[in-house]
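Remarks on the structure that follows.
Numbering (the UniProt record's numbering), first residue to last: 1 to 384.
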């Protein structure tokens, strides 16, 4: 089906809010009844505990429900209270989060929990504005928690809601543009129920997640179809209008499996404020153009740790696709020739056994290597 052509972002004279009719408002009011009859049974919907609702809403950012479910259950079992989360070491929190991605969410949850215990008697604030002042809580999370846990009439605007609203109003503007998002927020604010706003917000998100799907919307089952302009045009999948996606970059990385005399492996912790921040990894880095992979490994270990190494053999090559990039890891066994490993960037280093690797949070690609490590015997001749 043809996509709608993007038009310039809406202006003050072309406000999306002005497109809302009384029929729109009346139809949207029916969403709560639709939701109560058809909502999925999810664990965070069975609780009024603000802490559990907060954890769930953070996990659900840019992540599907089916992916979140096992992580949510594991997380609230490991950290059943806000105080338990605040008291836990960050490594333990990241290990519990490992595989869910967007690790800044876990770091911010942990940091915010510590702030709440130290300054708010271990309780979440009950208003949108107060929630926004906590680390990592943006407009969506604050609106979701404020409305669902505390009944404040604040409208959420996530990907599901954007899709529903742009289809109902046939918004031909770039849905990712800031001006469009601001006007969609105005529309959502005008629609949110003052009575039980949390249920209304969940209903709107549920509609986008289960009926108003990106590629195969179930329009006959949609309670909004009578006022949906995209449905009337016969082109629901033409909306939302989005710019072409940029190609996903691919990186080739060489890493060194460096052992000490006790057979322990060296790992380092990534900076907290960067990509995959706070996770542990084996030292190494990106291959330069046309550079032999073994030379990449030697160069990176020297640049990162100030050591000279001998490559004694390959372990494996693994591939992994993250959300925004793909990586191919080439792992090599290394023998220390000269120097003592010291991180030149001030990263934390640690010597660990293979068995101890499970105690640390690693990116998925590194975790694949760890699985291979466990299948193979450590090289016995490195220190003979």
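Don't be surprised by glycine CBs; every beta carbon is placed ideally from N, CA and C.
Those residues which DSSP pairs with residue i across a bridge
| i | result |
| --- | --- |
| residue 241 | 174 |
For residue j and residue i, the rounded distance between their alpha carbons
| i | j | result |
| --- | --- | --- |
| residue 370 | residue 357 | 8 Å |
| residue 114 | residue 343 | 29 Å |
| residue 30 | residue 22 | 13 Å |
| residue 331 | residue 265 | 13 Å |
| residue 159 | residue 133 | 23 Å |
| residue 19 | residue 169 | 7 Å |
| residue 178 | residue 185 | 10 Å |
| residue 124 | residue 189 | 23 Å |
| residue 274 | residue 60 | 21 Å |
| residue 215 | residue 315 | 41 Å |
| residue 355 | residue 368 | 15 Å |
| residue 301 | residue 139 | 42 Å |
| residue 347 | residue 288 | 22 Å |
| residue 218 | residue 76 | 34 Å |
| residue 166 | residue 225 | 13 Å |
| residue 384 | residue 284 | Reliability of the predicted coordinates at residue 384 is poor, the pLDDT of 42 falling under 50, and the value obtained from them is presented with this limitation in mind. So the alpha carbons of these two residues sit roughly 25 Å apart. |
| residue 221 | residue 229 | 16 Å |
| residue 290 | residue 15 | 53 Å |
| residue 351 | residue 365 | 20 Å |
| residue 252 | residue 171 | 40 Å |
| residue 242 | residue 175 | 6 Å |
| residue 374 | residue 245 | 38 Å |
| residue 385 | residue 137 | As shown, the chain starts at 1 and ends at 384. That puts residue 385 outside it, with no answer to give. |
| residue 257 | residue 333 | 5 Å |
| residue 100 | residue 126 | 27 Å |
| residue 156 | residue 360 | 35 Å |
| residue 320 | residue 329 | 8 Å |
| residue 26 | residue 79 | 42 Å |
Environment of residue i [buried if 16+ CB atoms lie within 10 Å]
| i | result |
| --- | --- |
| residue 35 | buried |
| residue 183 | buried |
| residue 345 | exposed |
| residue 150 | buried |
| residue 50 | buried |
| residue 119 | exposed |
| residue 64 | exposed |
| residue 164 | buried |
| residue 205 | buried |
| residue 254 | buried |
| residue 208 | buried |
| residue 338 | exposed |
| residue 202 | buried |
| residue 180 | buried |
| residue 98 | buried |
| residue 381 | For residue 381, the predicted structure reports a pLDDT of 48, less than 50, and the residue's modelled location is therefore unreliable. The matter cannot be settled from this model. |
| residue 313 | exposed |
Coil, strand or helix - residue i by DSSP
| i | result |
| --- | --- |
| residue 155 | coil |
| residue 1 | Here residue 1 scores only 48 on pLDDT, less than 50, and its place in the model is too uncertain to base an answer on. |
| residue 211 | coil |
| residue 39 | coil |
| residue 416 | There is simply no residue 416 to check, as the chain begins at 1 and stops at 384 in what is shown. |
| residue 60 | coil |
| residue 185 | helix |
| residue 199 | helix |
| residue 71 | helix |
| residue 103 | coil |
| residue 110 | helix |
| residue 45 | helix |
| residue 148 | helix |
| residue 192 | coil |
| residue 130 | helix |
| residue 227 | helix |
| residue 206 | helix |
| residue 92 | helix |
| residue 218 | coil |
| residue 77 | helix |
Quick check for students: name the residue ranges of the beta strand (DSSP E) that lie wholly in the UniProt domain "Nudix hydrolase" (249 to 376), counting only runs of 3 or more. 250 to 258, 265 to 269, 284 to 286, 308 to 321, 326 to 338 and 349 to 352
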